[in-house]
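Taking it in order: structure first as structure tokens, then the write-up.
Numbering (full-length UniProt numbering), first residue to last: 1 to 181.
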């Protein structure tokens, strides 16, 4: 996740919202993570628009990818059976004067706290628990991601995702009914 592709994703979300403010917007995530500022721009855009944001984790949703996967509209956060999710604390490399390095350290500690607060809201875990769990790399398979609260459903086929996963080929708009068919 970089600032350039985050700008493109934000623009597409805004465009889709402008075209139809009631239609779900689908965000498929296969990401090793990346820039915190890029991810937070996408997060803020997801929250800015009136649309529900359906997130689907495929392959890997690591670091900021995990954060965005969990940031989808509750009840509309999905993961495929073989996907993996990585929770960990923010990291960064710094250079410059000791004052510059100290400032950057304060910024990253503030982001660690803020992201733990948001992840706690998304998952139903306490902030303290998230901080314990993100102290080191913590990998989850699809079932573990569901149990932790990163996602609401494990789905193998787009037709079992609300709205057909953006294909408009759905069995039902109720994800539990769709999964049974």
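In this text, a Cβ means the ideal position worked out from N, Cα and C, and glycines have one as well.
Legend entry - Bounding residues of the beta strand (DSSP E) (the contiguous stretch that carries residue 67): Looking at the DSSP string, residue 67 is not in any beta strand (DSSP E); the run it does join, the alpha helix (DSSP H), is 64 to 70.
Inset, instruction - Using the Cα positions of residue 181 and residue 159, report the straight-line distance between them to the nearest angstrom. - result: Annotation note: pLDDT 46 at residue 181 (below 50); position unreliable, coordinate value reported separately. Answer to the nearest angstrom: the Cα atoms are 9 Å apart.
Legend entry - Integer Cβ distance of residue 77 from residue 55, believed to fall under 8 Å: Rounded, the Cβ-Cβ distance is 5 Å, consistent with contact.
Inset, instruction - Check the C-beta distance from residue 45 over to residue 156 and give it rounded, since I have them as a contact under 8 Å. - result: Between residue 45 and residue 156 a beta carbon distance of about 29 Å is seen, past the 8 Å cut, so the two are scored as non-contacting.
Legend entry - Cβ neighbour criterion (16 or more within 10 Å) applied to residue 134: Buried, by the Cβ-count rule.
Legend entry - residue 5, enclosing alpha helix (DSSP H) - first and last residue: Boundaries of the alpha helix (DSSP H) around residue 5: 3 to 19.
Inset, instruction - Would you grab the beta carbon distance between residue 88 and residue 137 for me? Rounded to a whole angstrom, and I think it's under 8 Å. - result: Contact flag correct, Cβ pair sits at about 5 Å.
Inset, instruction - Evaluate the contact criterion for the stretch 110 to 118 versus the stretch 143 to 154: three or more CB pairs, one atom per stretch, below 8 Å. - result: Result no; under three Cβ-Cβ pairs closer than 8 Å.
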